[in-house]
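**Q** Got a structure for you, written out below as structure tokens; questions coming shortly.
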Amino acid sequence: MKKLKERWNIETNGQLFIIFLVFAITGSSAAKLAAPLTDFFNITKEMGWYIYWPFRILIILPIYKVLLVFFGWVFGEFHFFWNFAKKMLRSMGLGFLIKK
360 MKKLKERWNI ETNGQLFIIF LVFAITGSSA AKLAAPLTDF FNITKEMGWY IYWPFRILII
420 LPIYKVLLVF FGWVFGEFHF FWNFAKKMLR SMGLGFLIKK
């Protein structure tokens, strides 16, 4: 845990707990919200995994990033998650979407 706290520039175990909690809530929420959207676009598992899962993942990614920053703000760690989301976008080659 010490290395993770140093890497993320976190000072307390409480902050680390909140960050893990936000990651858990965000992942679960993004997966739950993707289901109605796949239904809305009539994408079903019967169409085949090669259509359903890539579409669902493409839906989850932007939802995840928005929820990550939102829940980070709710739990008082906005700056950490804002920087984390920007870093994620840059690593995916989508850094042009954000200002430096």
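Counting from 1, position 59 in the sequence shown corresponds to residue 418 in the working numbering; the numbering is continuous, with no gaps. We put the beta carbon where it would ideally sit given N, CA and C, even for glycine. It should be emphasised that the depicted structure is a prediction, and the values quoted were computed from it without experimental measurement.
#1: For the alpha helix (DSSP H) containing residue 384, list its first residue and its last residue.
#2: Considering residue 365, what are the terminal residues of the alpha helix (DSSP H) in which it resides?
#3: Answer yes if the region 362-374 comes into contact with the region 396-404, meaning at least three C-beta pairs across the two stretches below 8 Å, and no otherwise.
#4: In chain order, what residues of the same chain lie with their CB nearer than 6 Å to the CB of residue 384, ignoring the 5 residues before and after it?
#5: Which of helix, strand or coil does DSSP assign to residue 447?
#6: I need the DSSP call for residue 405, collapsed to helix, strand or coil.
#7: Apply the 10 Å Cβ neighbour rule to residue 394 and answer buried if 16 or more other Cβ atoms are within range, or exposed otherwise.
**A** Taking the geometry as given:
#1: 372-399
#2: First-last of the alpha helix (DSSP H) with residue 365: 361-366.
#3: As far as the Cβ criterion goes, the region 396-404 does not touch the region 362-374, which means the pair count is below three.
#4: 430
#5: helix
#6: helix
#7: exposed
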